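Each residue of the sequence shown is one higher than the one before, counting from 25 in the numbering used here.
Ideal Cβ placement from N, Cα and C applies to all residues, glycine included.
Predicted model only: the values in this text are computed from it and were never measured.
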Amino acid sequence: MAGRIDLSNVPASATGVIHVDLAELKRNWQAMRDLVHPVECASVVKADAYGLGANHVIPCLHQAGCQSFFVATPREAHQTRKLVPTSDIYVLDGLMPGTADALGQLNAVPVLSSAAEVEDWAKYAQQCGKPLKAALHIDTGLNRLGVSPGDVQSVQESGLLAHLDLHLVMSHLACADEPYHAQNENQLSAWNAAVSGLANTKTSLAASDGALLGPAFRLKMVRPGYAIYGGQASQGPTAPVKPVVSVHARVLQVRDVPPGGTVGYSATFQAMRPMRIATIAAGYADGVFRAASATNDVKGGSVAFEGELAPIVGRVSMDLITVDITDHTKPDAIVRGAWAELIGPNLPLETVGQGAGTIGYEVLTNLSRRFHRVYLNDTTPEPAS
Ligand SMILES: *Cc1c(COP(=O)(O)O)cnc(C)c1O
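(1) Just tell me which of Val287, Arg314, Asn167, Lys354 has its CA closest to the CA of Gly381.
(2) Assuming the contact rule is C-beta atoms closer than 8 Å, Leu411 and Tyr253 should be a hit. Round their C-beta distance to whole Å, please.
(3) Who are the Cβ neighbours of Glu330 in its own chain at under 6 Å, not counting the five residues just before and after it?
(4) Using three-state DSSP, classify Pro355 as helix, strand or coil.
(5) For Val34, which option in Gly368, Ala362, Leu107 has the closest C-alpha, if you only look at C-alpha atoms?
(6) Measuring only the C-alpha atoms, how far is Ala240 from Gln211?
(7) Suppose the cutoff is 8 Å on Cβ atoms and the five residues either side in sequence are ignored; what does the same chain contact list for Ser182 look like?
(8) Between which two residues does the beta strand (DSSP E) harbouring Leu229 extend?
(9) Pair every Cβ in the stretch 157-167 with every Cβ in the stretch 213-226, then say whether three or more of these pairs are closer than 8 Å.
(10) Would you kindly check if the distance between the Cβ of Asn79 and the Cβ of Val268 is under 8 Å?
(11) Comparing C-alpha positions only, which one of His43, Thr164, Ile29, Ser32 sits nearest to Phe395?
(12) At 4 residues or longer, and completely inside the stretch 169-228: list those alpha helix (DSSP H) runs for me, N to C.
(13) Would Cys90 be called buried (16 or more neighbouring beta carbons within 10 Å of its own) or exposed?
(14) Might you give, ordered along the chain, the residues of its own chain that have their beta carbon closer than 8 Å to the beta carbon of His102, omitting 5 neighbours on each side?
(15) Around the C-beta of Ala36, are 16 or more other C-beta atoms found within 10 angstroms, so that it is buried, or is it exposed?
(16) Count the CB pairs spanning the stretch 274-292 and the stretch 94-110 that are closer than 8 Å, and state whether there are at least three.
(17) Would DSSP call Cys65 helix, strand or coil?
(18) Around the Cβ of Ala334, are there at least 16 other Cβ atoms within 10 angstroms (buried) or fewer (exposed)?
(19) So, at 7 Å on beta carbons, what are the nonlocal neighbours of Pro98 in its own chain, with the 5 sequence-adjacent residues on each side left out?
(20) So, do the stretch 292-310 and the stretch 62-73 have three or more beta carbon pairs nearer to each other than 8 Å?
(21) Where does Arg360 sit, in a helix, a strand or coil, going by DSSP?
(22) Along the chain, where does the alpha helix (DSSP H) that runs through Leu373 open and close?
(23) Let me make sure I understand the geometry here. Which of Gly174, Val133, Tyr74, Ser178 has the alpha-carbon closest to that of Asp117?
(24) Of all the options Ser172, Lys147, Val281, which has the alpha carbon lying nearest to the alpha carbon of Ile349?
(25) For His191, I'd like the list of residues in its chain whose CB is within less than 8 Å of its CB, leaving aside the five on either flank, ordered along the chain.
(26) Short of 6 Å in beta carbon distance, which residues of its chain neighbour Gln54, apart from the five on each side in sequence? Order them along the chain.
(27) Give me whichever residues DSSP pairs with Asp280 in a beta bridge.
(28) Comparing alpha-carbon positions, which option in Val275, Lys50, Val246 lies nearest Ser92?
(29) Keeping to the same chain, check which residues put their C-beta closer than 7 Å to that of Pro155; ignore five residues upstream and five downstream.
(30) So what does DSSP say about Met342, is it helix, strand or coil?
(31) Helix, strand or coil: how does DSSP classify Val246 here?
(32) Nearest CA to the CA of Val109: which residue from Met120, Glu48, His86, Val95?
(33) Whose C-alpha, out of Lys266, Arg274, Ser172, is nearest the C-alpha of Lys50?
(34) On the DSSP bridge assignment, give the partners of Val95 in chain order.
(35) DSSP has Ser270 in a bridge; who is on the other side?
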């Protein structure tokens, strides 16, 4: 995020605040677009744009120049269509039974993952009396969704694709965050073999990390999500993006704990010396994972004050965490009502994820729903709800 976050205007009643910098988001998408040029750069905006707020994120990305949006569910497609009336909306969960008409009405593109889904969508297209846009997902080794490579030919030979306007053929990488993992090349080979008969269609294999694996993986379109939200998941190359999100929560109380005193539920942490503890208004209901709890022996997550980390001690509870500020060099700054940084320059998404034994993606998609939200540099009109 550009510059220092101004916390002076946050309403007094807010226990926490999430800042989303839409100018940085826009720059991130454009940086990914420029990186892969002339390959098309789509945006993955599933799960409420990774927790950042689809109603703000989608118009911003559209304004940046994005024309293709990926969501997971029909409901997300519905919300997205209201925000981008003419862009392509791909639905990654594909065609669930009974959803063809709803997706058809939205002019959404289901990412079809099986012969059965192809058949359902082709039948619906025949009812509509026109070819419908479709995407085909081919599994190349993730074994999650997609037509198995061995079944691609029979789907082609079924004649059903004649009723469809096959807009995109795609697959998804299992190990793109590990650039030297053999699975990447294996999936690329499986892909090349599977699509040899589908030559003229738009193709896509890479999400954020796949786009960093190099031109061979970019095909005709890349589908980044995490990178445009400022994430750096790859263990190899760095994405040309900057943080978009910061989160702060209030200090509610500062207290001294004598040696022998325990902190938090189940008394899992015991002070071995005189300690100073700050209690902060953020808990697992705010996306601070309970797995970020710490005992005397096992470290957990941290917050930061004035650029200095303060480790969580004891259990994370629903609304509160307790952090150790005993050795903080500026204790006077940590008072009732002060702000603790939970995500920000001192605590990147990846660090926060590691502190809870998880990944930044899960951190983002669990951002608090009861913290105050500020969208910085919003240049798009408020959506009609
Ligand atoms: C979520 C998802 C993406 C985006 O992945 P990122 O790692 O966030 O860039 C792309 N493609 C598929 C199929 C996905 O499920």
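In short:
(1) Checked all of Val287, Arg314, Asn167, Lys354; the closest Cα to Gly381 is Arg314.
(2) No answer is possible for residue 411: the residues shown for the chain start at 25 and end at 409.
(3) These residues qualify, in order along the chain: Lys354, Ala357.
(4) Helix.
(5) Checked all of Gly368, Ala362, Leu107; the closest Cα to Val34 is Ala362.
(6) When rounded, the distance between both Cα atoms is 12 Å.
(7) Correct list, in chain order: Ala139, Val142, Glu143.
(8) Annotation for Leu229: the continuous beta strand (DSSP E) segment containing it runs 226-230.
(9) Contact between the stretch 157-167 and the stretch 213-226 is present, because at least three Cβ pairs lie under 8 Å.
(10) Cβ distance not < 8 Å, so Val268 and Asn79 don't count as in contact.
(11) With distances taken between Cα atoms, Phe395 lies closest to His43.
(12) As far as the stretch 169-228 is concerned, its whole alpha helix (DSSP H) runs of at least 4 residues are 173-181, 206-218.
(13) Under this definition Cys90 is a buried residue.
(14) Around His102, the same chain offers Ala126, Leu130 as residues with beta carbons nearer than 8 Å, after the five sequence neighbours per side are excluded.
(15) Classified as exposed, Ala36 has fewer than 16 neighbouring CB atoms from the shown chains inside 10 Å of its CB.
(16) Taking one beta carbon from each stretch, the stretch 274-292 and the stretch 94-110 have fewer than 3 pairs nearer than 8 Å; the two do not touch.
(17) Under the three-state reduction of DSSP output, Cys65 falls in the strand class.
(18) With a threshold of 16 other beta carbon atoms within 10 Å, Ala334 meets it and is buried.
(19) Beyond the five residues adjoining it in sequence on each side, Pro98 comes within less than 7 Å, by CB distance, of Val115, Thr123, Ala126, Leu127 in the same chain, given in chain order.
(20) Output reads no: the stretch 62-73 does not touch the stretch 292-310.
(21) Residue state, collapsed to three classes: coil.
(22) Segment 373-379, the alpha helix (DSSP H) holding Leu373.
(23) Selected option, being the one with the closest Cα: Val133.
(24) Of Ser172, Lys147, Val281, the residue nearest in Cα terms is Val281.
(25) Asp112, Val133, Lys157, Ala158, Ala159, Thr225, Lys226.
(26) The beta carbon of Gln54 sits closer than 6 Å to the beta carbons of Ala88 from its chain, once the five residues preceding and following it are set aside; these are given in chain order.
(27) Under DSSP, Asp280 shares a beta bridge with Arg300.
(28) Considering only alpha carbons, the answer is Val246.
(29) Excluding positions up to five away in sequence, the list reads Ala149, His187, Leu188, Asp189.
(30) When DSSP states are grouped into helix, strand and coil, Met342 belongs to the coil group.
(31) Per DSSP, reduced to three states, the secondary structure at Val246 is strand.
(32) Reading off the sequence shown, one finds Pro at residue 109, where the question assumed Val. Among Met120, Glu48, His86, Val95, the Cα nearest to that of Pro109 is on His86.
(33) It is Lys266.
(34) According to DSSP, residue pairing for Val95 in a beta bridge involves Val115.
(35) For Ser270, which the question treats as bridged, DSSP gives the partners His43.
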